[in-house]
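Note sheet for the following structure.
Protein chains in written order, with the working numbering: chain P, 460 to 701; chain X, 460 to 701; chain V, 460 to 701; chain W, 460 to 701; chain A, 460 to 701; chain G, 460 to 701.
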């Protein structure tokens, strides 16, 4: 039995609220249970140096946690003068995941910056960030289409992400903080709506893992992502952005 | 006529939502019109080095803006490795303002850290932060009283803050971003419920200011703070924390 | 009775020595009692990016203390890799104060950098810096006029600054370090020669302040600034720069 | 046909030279083709704060590239004052991989720091680092056993790592720099001698990946790691450390 | 003929003014022509970690230039977050030079920090800093003797420093900025009152140097240091500190 | 008798292995006994800002130690965010030494960056770096000549460096780490093949030094450098680069 009574293959309640920031071109607050992330997408009419004058676009992401997103307060990274390795790793993952479904060659020479700021953390902040980040990105690009700045939406298909792990030998979907802390192995699956793999990261926290166990986690993840994509599509449709 | 049709002496709509973060000992989202700040108060059972073994407590504050709180995206300060002068100035002001009403000698040897993170900015982020920061601090201290960790609430009286300024020669209360950008002078009043001055900062943006003009701003500010304190008290009362 | 026997409304001995640096376009050492600040003004034939190609000029300031300016030695800020919040706050105040009297639109597209380095500190370093900074700025601009680079002095009127505070309930002018450390409230007035307000900062260190008390401080400050402006003018006249 | 004429499932020439640093408790230079990494293991008789007085040990890793390890010179990270996200990600991966086979509870309260410094890079620096890092760690721990400081070698089994990827639709083992730059997908497998998974990272560089393709990569990786473990064991045996 | 009409073997006017800072235990302003350095010595009743509980003392130095000490303004090092290589090199040289004449074993477990802040630069700032730094150190230690904290002055003998160089093939003593910029070779001699060598640094700026030329520079330097030591002794004697 | 049985005037075994890095335009590993430094020379077709459009070239150097180059592990400098004073001092010395023999006006508008990374340290890392750095520089420039990018080798003559010191009153050549730690005085001589002085640094570690003692060290150094230049020439000749 899980801490909140869920079955092994059940997600926490998922909510996606679009349009939470009046300045950003795209924005949402995504919740996976008590984990809550504010995602904004900013359209900038410039690209990184290596893409200048290529006519191609770019998607990048940044990630941070508010100091009291965590159970006890975490000092701000600006105080140390640099981002932690964990922060960098997560924001690089979010960026790669979104770029894998973005048709950057058809975006025009502009950059979308997706900011994922964790308001409250209870496990799964990186997977919630990718899932909400896609929605903010979709909104920002859809608006460019509506304004006539782009002929059609430069996205292959939706992408979403979910964690799963082995806790006391059992494969569980969508770990909360307590489950994650005690997991023997931890995996993050970034999958597309059609079930393709964008990123897969498996980590044996304690002892190495049998290959069969990864297959078990993968089945859970595919179920989870299917539901997340439904939630993304429902939120976008309700906002007239599908 | 002001951008949003307000009279010169009218605040923007004020809202204070308490209990927005399940980890923090005190928390609220405060809105002054489109300006929205998430304030959390964290109780730490330790104090800065200069207070160790004195039996006295401390209140401190930190301030930051999410990158897309602003009209166009602002780069994160961690990227430059240091907080800007503006950020430091504001968080020092918030900290002094809250300490001025906190009976730090009666708090026990503990520190309350008030984090003010601007989710959306439209002028007045420092005054909203002080106003919401007080509510989060009050909640955190009230909980210590309820748990029996403190005999009574170590607060003199509520404190709140409001900006006012001279725009085209007219004194206006609670400037929004557009008004603030065009103001000839800008003042921030931090006042207690009983109308005493905790901090007063007047800046002539363009040309120096007559003393009579400051008196005019002060009358507006007193009206504004009175209403803010009412909003603070109503929110705390509704949450059973008054 | 004050530590040095002064009456409540009396300044410490003020001295302004012009021409103390052979490289700088403007320079002075200003003393308020034992507080001694070296101010230099540098003319740079370039402006910050936001002013390029506007034909407008700029005035900015930097502030620092030598390590042994203080009673006990203070570590250099370069060792921590960043300026403290106090330093940034003060140098931003000096810059705003000088810009308030500078006709930046009539300065040509050039920048004056005013450096205020505290050689010895005994309270009031920011007010001494503004007072001396004005003199260095005046000298640098006057030299541009003399060289024919400017048609006339682009300054509205002199600006100077003084602190005052409440110590044991009494309003005192120009606090020294010991008085400042024990003050209940602390105010810095930046006023022009004609008595207008450029910046006003009041801080209740301990308990909040009655409004009447601020009025009392203001009367002292106006007296003090009048004498400081006389000292500025006398020094500039003696140097043939008035 | 691959750039160097290899079959798809063939490793580049692997070499492991033990004992290359006279100060380090463990050391080797590992080569995967032209990629060459100097790995040293340092035994420190202290542990990170969170392990103090637990009797448990720790293994951690650091990674860096010499400036001219790369085709064109890469500026040193110290010049920017911080490690890049890529560096942090890699050194965290090396550390987790080594800890997964280390019996840290049986190491005594000491820490082994494994430094992986890339002398020359041609793709696969992180997998070479893990493979060589294990050898240096093994040597350092074996020496503690020989000195009688540990009753037996606190290692579960050897660990090694290899990259594979999809290049023009074909699954290839052990990509060199040119292959890696053009790969559609890139995977790093960290496996134990017995074929268990310690870490698995799959990244679709361009378009998302079918699950069947991952299975194909995995078969290659298992073959590769088997040979790497043989090379590790041969080198350790030759040095009398097996 | 030199820029200021001096003979090749003549120092610029040297002045040493003691007692220029009321907080510091030792202080002076030393001038070598237009080069002017404020030196303060601070006595701290603690030592660096490597000397704790050894009963031994320490002498260390820090060096900096005010931004407008130079012909054109130099940005503050705190802005870059770190000291330049030149600054570090110079302050390490000053520290070693003073330690070479200090009997650190007889100073008690305390540290003297000598700060050398260049108010105005015209060549020779490091040699002026050593020469003035010695005076400040001497004053601080002499005061400890007078207070009875030390039985006798823990100094071997005075130390002073002078630059010399080859300019258009001619050996010159005490180069000013213009001479230094055009010198073929540049040498700094740190010598004791009795003519012993504490530090010697010779740099061929352009083409390598014959050994005979170094001997020529050395003769000049010995003459110069003799006069500097006389100036140090005269200043200390006049202040009752010899 | 010295630790390794050498006579006072005998170098440790010297080895120079050219061509150790396939990417660099010039490279070698130089050994002075157990001290081993990897030197690479990178040709960049750009120069520092102060040389742009002058047609002149530049030579610069960087220096670092791998963490376990030292007896006990030394933390990486990137962790502190800045290079130490020692590192900066050494890399500035290497750069000046190489520039003293480079005909930068005849190099074309390009820069050679010489990286000296210490793989293993046992005293004399800066002198080994200069000696090996010359070889890498020579190789890189010779290749430009061979490619026809330069008409002839823009080098005056070879340069090499050696340390010597006074240990228990005796002058010794080429100190190892243990000798260096106990030396009363320490000198580094950077000399050309023809015996001219490029840099000379003498430091009295403990008590000041007689001038006659420096002369004694110089005789040793000249002998040492002569042998180092022979080793440089032999290595370059064997590689067909002389």
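Backbone N, C-alpha and C define an ideal beta-carbon position, used for all residues, glycine too.
Candidates P/569, P/503, P/545, P/506: closest to residue 522 of chain P by CA position: For the set P/569, P/503, P/545, P/506, the Cα lying nearest the Cα of residue 522 of chain P is the one of P/545.
N-terminal and C-terminal residue of the beta strand (DSSP E) that residue 486 of chain W is part of: Per DSSP, residue 486 of chain W belongs to the beta strand (DSSP E) from 485-491.
Proximal residues to residue 577 of chain W (C-beta, below 6 Å), its chain only, five neighbours per side dropped: For residue 577 of chain W, where only same-chain residues beyond five positions count, the Cβ hits under 6 Å are 496, 524, 528, 584.
Segments assigned beta strand (DSSP E), at least 3 residues, entirely inside the region 596-675 of chain G: At a cut-off of 3 residues, the continuous stretches assigned as beta strand (DSSP E) that sit fully inside the region 596-675 of chain G are 618-626, 629-632, 644-651, 656-663.
Short-range partners of chain A found in the region 526-555 of chain G, where Cβ spacing is below 7 Å: Hits within the stretch, in order: 541, 544, 547, 548, 551, 555.
Residue 526 of chain W classed as buried or exposed, judged by whether at least 16 other C-beta atoms fall within 10 angstroms: Counting C-beta atoms within 10 angstroms of its own C-beta, residue 526 of chain W has 16 or more neighbours from the protein chains shown and is therefore classed as buried.
Alpha-carbon to alpha-carbon, residue 493 of chain X and residue 490 of chain A: Looking at the two C-alpha atoms, the distance is approximately 60 Å.
Extent of the continuous beta strand (DSSP E) to which residue 495 of chain P belongs: Looking at the DSSP string, the run of the beta strand (DSSP E) that includes residue 495 of chain P is 494-503.
C-beta neighbour in chain W for residue 497 of chain G, strict 8 Å: Judged by the 8 Å Cβ criterion, residue 497 of chain G is in contact with chain W.
Buried versus exposed call for residue 460 of chain A [16 or more other C-beta atoms within 10 Å across all chains shown]: With a threshold of 16 other beta carbon atoms within 10 Å, residue 460 of chain A falls short and is exposed.
Residue from X/559, X/593, X/562, X/462 with nearest C-alpha to residue 687 of chain X: Each of X/559, X/593, X/562, X/462 was checked against the Cα of residue 687 of chain X, and the nearest Cα belongs to X/593.
Three CB pairs or more closer than 8 Å across the region 597-610 of chain W and the region 650-663 of chain W: Taking a cut-off of 8 Å on C-beta distances, the region 597-610 of chain W does not touch the region 650-663 of chain W, as fewer than three cross pairs fall below it.
Residue interval of the beta strand (DSSP E) (run including residue 547 of chain A): Premise fails: residue 547 of chain A lies in the alpha helix (DSSP H), 544-560, not in any beta strand (DSSP E).
Helix, strand or coil at residue 692 of chain G according to DSSP, with G and I counted as helix: For residue 692 of chain G, the three-state secondary structure derived from DSSP is helix.
Contact set between residue 668 of chain X and chain V, taken where Cβ atoms lie within less than 8 Å: Chain V residues near residue 668 of chain X: 655, 656, 657.
CA nearest to the CA of residue 780 of chain W, picked from W/685, W/562, W/699: Lying before the first or after the last residue shown, residue 780 of chain W is absent from chain W, which here runs from 460 to 701.
Contact list for the region 461-479 of chain P against chain W, Cβ threshold 8 Å: The residues in question: there are none.
For residue 466 of chain X, three-class secondary structure by DSSP: Coil, per DSSP.
CB of residue 613 of chain V within 8 Å of CB of residue 651 of chain V, strictly: Cβ atoms of residue 613 of chain V and residue 651 of chain V: not closer than 8 Å.
Residue closest to residue 622 of chain V, alpha-carbon to alpha-carbon, out of V/463, V/471, V/464: Checking every option, the nearest Cα to that of residue 622 of chain V belongs to V/471.
Top-ranked residue by Cα proximity to residue 655 of chain A, from G/654, G/646, G/667: Nearest to residue 655 of chain A by C-alpha distance, out of G/654, G/646, G/667, is G/667.
Straight-line Cα distance separating residue 554 of chain W from residue 588 of chain G: In this structure, the alpha-carbon of residue 588 of chain G lies about 32 Å from that of residue 554 of chain W.
Residue from X/669, X/564, X/648 with nearest C-alpha to residue 657 of chain V: That would be X/669, whose Cα lies nearest to the Cα of residue 657 of chain V.
Straight-line gap, residue 499 of chain P to residue 645 of chain P (C-alpha atoms, nearest Å): Cα-Cα distance, rounded: 27 Å.
Cβ distance (whole Å) where residue 570 of chain V is taken to contact residue 519 of chain V below 8 Å: Yes, residue 570 of chain V and residue 519 of chain V are in contact; Cβ-Cβ is about 7 Å, under 8 Å.
Contact with chain G by residue 493 of chain W, beta-carbon distance below 8 Å: Residue 493 of chain W counts as touching chain G.
Distance, residue 676 of chain G Cα to residue 648 of chain G Cα: Distance between residue 648 of chain G and residue 676 of chain G, taken at the CA atoms: about 9 Å.
Nearest neighbour of residue 509 of chain G, chosen from G/502, G/503, G/517 [CA to CA]: Considering only G/502, G/503, G/517, the residue with the shortest C-alpha distance to residue 509 of chain G is G/517.
Residues of its chain near residue 560 of chain V, where Cβ-Cβ distance is below 8 Å and the 5 sequence neighbours each way are ignored: Around residue 560 of chain V: 593, 614, 615, 616, 617, 618, 651, 657.
Alpha carbon of residue 478 of chain W to alpha carbon of residue 488 of chain W, nearest angstrom: For residue 478 of chain W and residue 488 of chain W, the distance between alpha carbons rounds to 8 Å.
For residue 568 of chain V, three-class secondary structure by DSSP: Coil, per DSSP.
Alpha-carbon to alpha-carbon, residue 679 of chain A and residue 639 of chain A: Near 16 Å, if we compare the C-alpha coordinates of residue 679 of chain A and residue 639 of chain A.
Exposure of residue 531 of chain W, with buried meaning 16 or more beta-carbon neighbours within 10 Å: Exposed.
Top-ranked residue by Cα proximity to residue 514 of chain V, from V/572, V/563, V/672: The shortest Cα separation from residue 514 of chain V among V/572, V/563, V/672 belongs to V/563.
Extent of the continuous beta strand (DSSP E) run through residue 533 of chain V: No beta strand (DSSP E) holds residue 533 of chain V; DSSP gives it neither H nor E.
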